[in-house]
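J.: The opening residue of the sequence shown carries number 18 in this note's numbering; numbering runs sequentially from there.
For every residue, glycine included, the Cβ atom is placed at its ideal position computed from N, Cα and C.
Computed from a predicted model, the values in this text were never measured in an experiment.
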Amino acid sequence: MQIKLSGSIYTGMVIFFIITSGISSADVVNMEKVSFLEGNVSSLTIAENYTYIAQGHDLVVLDGTNVSNISEIGRLAVPWEIHDVVISGNYVYVTNGTNSLFSVNITDPSSPMFEGSFDPSGLVVDVEVAGNYAYVIDHHNGLIIEDISNLSSPTQVSSLNLNDLAYGIALSGKYAYVTVWNGLMIIDISDPASPIIMGNHAIPEYNNDVYVSGNYAYMICDESNTLEIVDISNPVEPSFAGIYYYAADGQAYDVAVSGNYVCLAVCGGLRILDITDPAAPTFAGSYDTNGSVSDVEVTGNYVYVTEDKDGLLILDLNTGTETTTQAANSTRNSTAGKEKLNVLCTYTFPILHLKAFLH
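1. Should N107 be flagged as near chain D, meaning a C-beta pair shorter than 9 angstroms?
2. Whole-angstrom Cβ separation of N107 and I90, contact assumed at under 8 angstroms?
3. Expressed to the nearest angstrom, what Euclidean distance is found between the alpha-carbon atoms of I87 and I162?
4. For S170, collect the residues of the same chain with a Cβ closer than 8 angstroms to its Cβ; drop the 5 residues on either side in sequence, then sort them by chain order.
5. Does the beta-carbon distance from G259 to A297 come in below 9 angstroms?
6. DSSP three-state label for A378, please.
7. Under DSSP, the beta strand (DSSP E) around I203 begins and ends at which residues?
8. For A265, verify whether its CB is less than 8 angstroms away from any heavy atom of the ligand ZN.
9. Per DSSP, what are the beta-bridge partners of S189 in this structure?
10. Taking 8 angstroms as the limit between beta carbons, can you name the residues of its chain near L287, skipping five residues before and five after?
11. Select from L118, L168 and N217 the residue whose C-alpha is nearest the C-alpha of I8.
12. Helix, strand or coil: how does DSSP classify A264 here?
13. Residue ranges of each beta strand (DSSP E) run of no fewer than 3 residues wholly in the stretch 48 to 133, ordered along the chain?
14. May I have the straight-line CA-CA distance separating D181 from G139, to the nearest angstrom?
15. Determine the contact status of L188 and A234, defining contact as a CB-CB distance below 9 angstroms.
16. Which word fits F135, buried or exposed, when buried means at least 16 other C-beta atoms lie within 10 angstroms of its C-beta?
17. Inspect the beta-carbon positions of V102 and S128 and report whether they are closer than 9 angstroms.
18. Identify the continuous beta strand (DSSP E) that holds N225 and give its terminal residues.
19. Could you tell me whether the Cβ atoms of I104 and Y150 are closer together than 9 angstroms?
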């Protein structure tokens, strides 16, 4: 997840169960809150049975072995507010309000420890890590590549000015896919010391986030309220493949892909799209929330979503006869499909509002 560039950063976390044979939804979603954690959460990343969240100034480790009873097992305070959290191997990397990149050793998840930090000169809005390198997106200066083989003293090995405002990054193979104001840039990073722009796909508007799966990149285009699918099979000449309009749902904040489905975080909840045919993505289901959803992560059979009012909800998608049960405090509506959502538990966080800082 990248740092959001406009409006507020919303918090909370929702978890949905995905069945591998397909995603759909039902007429009524039944909710029951069984646990909660006070504090703010603005980002998350997942590895095995652990979820790592940004809660204000703290990196918090949650044990999700029992999804009906997620519990905190570790916590580490960092300077300033944490904006983004990514994981690679035994380390978590966090960005904060001073635009620093911190590395945290999570070999023992119950006792996270600092390893090192890097302070680029610009404004860090997104980061991905692969192998011994961190790929940092500087909003004004483009791509910065850091050698993190020595975490106590990371060093910059190269930078690439994209001559445009940069927003998000995804890595796949030897390429970095970077969203800029005017579209998507594909960069060959096979030699981290000498990144090379291979191709670009022009979309003249604010392009927020990107997710890469197979031969396609899935881009959130904020101004037109669309999800654009780009064929990247030829990195020198990426081409338009398909488009989905989510205008009625307001702004989208994050996107993730699982098999033939896209999970799209929008103001009103989660939208699930069938991308079996990338040229004609279709609506497959939805889950409406009380507030805005800002982050989506997919791992195994689960989708993790941050939401600003109801916090962490664990939903189970089961096939079978539809049922209608109203919990004490809330219900959710979902549409289309033949399966039903059963809430296993919720994990609630108060709202964190941050002023927009990019222009």
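T.: In brief:
1. Here chain D cannot be found, since the structure has a single protein chain.
2. Not a contact, Cβ separation roughly 16 angstroms.
3. 35 angstroms
4. G133
5. yes
6. The first residue shown for the chain is 18 and the last is 376, placing residue 378 beyond what the model contains.
7. G200 to D205
8. Judged by which ligands are present, the structure shown has none, so any question about the ligand ZN falls away.
9. Y192
10. V31, F33, C280, L281, S303, Y304, T306, V310, V313, V320 and V322
11. The requested residue 8 does not occur in the structure, where the chain is confined to residues 18 to 376.
12. helix
13. 60 to 64, 67 to 72, 75 to 80, 88 to 94, 99 to 105, 108 to 113 and 118 to 122
14. 14 angstroms
15. no
16. buried
17. no
18. N224 to S230
19. no
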